[in-house]
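Using this note's numbering, you'd call the opening residue of the sequence shown number 3 and step up by one each time.
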Amino acid sequence: MADAGSSGSRMVMIFAQDACRGCLRCELACSFHNLGHHSFQPEASSTRVYRDNDTNRMTATVDTTCDMCEHEDHIMCIHACPFGARSIVHV
Ligand code: SF4
Ligand code: SF4
Numbered sequence: 003m004a005d006a007g008s009s010g011s012r013m014v015m016i017f018a019q020d021a022c023r024g025c026l027r028c029e030l031a032c033s034f035h036n037l038g039h040h041s042f043q044p045e046a047s048s049t050r051v052y053r054d055n056d057t058n059r060m061t062a063t064v065d066t067t068c069d070m071c072e073h074e075d076h077i078m079c080i081h082a083c084p085f086g087a088r089s090i091v092h093v
């Protein structure tokens with residue numbers, strides 16, 4: 003889904019389609035990070051979640067504005083997800 007890192011360490015974000023309920027809290031949390039903790043605006047999110055209404059499958063994207071939550075205590079989109087649909091693996 004997204005990756006970042008340097009000097010041999012790389013973080014890759016994993017999205018579990020079956021766990022996601024489409025609550026969009028991840029988008030709000032990401033916008034909070036991107037807007038300097040001043041407001042919640044989904045349009046400012048680096049990540050998007052979509053539901054295919056024909057198959058009911060969830061998909062997520064992360065665009066190039068994602069900085070893997072630099073300077074935050076947590077990866078915000080992961081921390082905000084109540085269903086454990088996002089995680090990070092180090093490769
Ligand atoms: S890691 Fe941070 S900046 Fe990247 S999509 Fe998640 S919340 Fe947004
Ligand atoms: S917060 Fe979790 S369950 Fe909600 S839309 Fe985002 S990934 Fe899906």
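A virtual CB, placed ideally from N, CA and C, is assigned to each residue, including glycine. All values reported here derive from a predicted model rather than from experimental measurement.
Exercise for review: Using three-state DSSP, classify residue 48 as helix, strand or coil.
Suggested key: coil
Point to revise | Spatial neighbours of residue 36 in its chain, beta-carbon cut-off 8 Å, leaving aside the 5 residues before and after | key: Hits under 8 Å: 46, 47, 48, 67.
Practice item. Compute every distance between the C-beta of residue 49 and the non-hydrogen atoms of ligand 1, then say whether any falls below 7 Å. Key: yes
Check your understanding: Under a Cβ-count criterion, where at least 16 other Cβ atoms within 10 Å of its own Cβ denotes burial, should residue 23 be classed as buried or exposed?
Key -> exposed
Review point. Per DSSP, what kind of secondary structure is residue 80 in: helix, strand or coil?
Key: Three-state DSSP puts residue 80 in a helix.
Check your understanding: Helix, strand or coil: which one does DSSP assign to residue 17?
Key -> strand
Review point. So does residue 59 have its beta carbon nearer than 7 Å to some heavy atom of ligand 2?
Key: At a threshold of 7 Å, residue 59 does not count as near ligand 2, since its beta carbon sits no closer than that to any of the ligand's heavy atoms.
Practice item. Kindly examine ligand 2 and report whether one of its heavy atoms sits closer than 7 Å to the Cβ of residue 25. Key: yes
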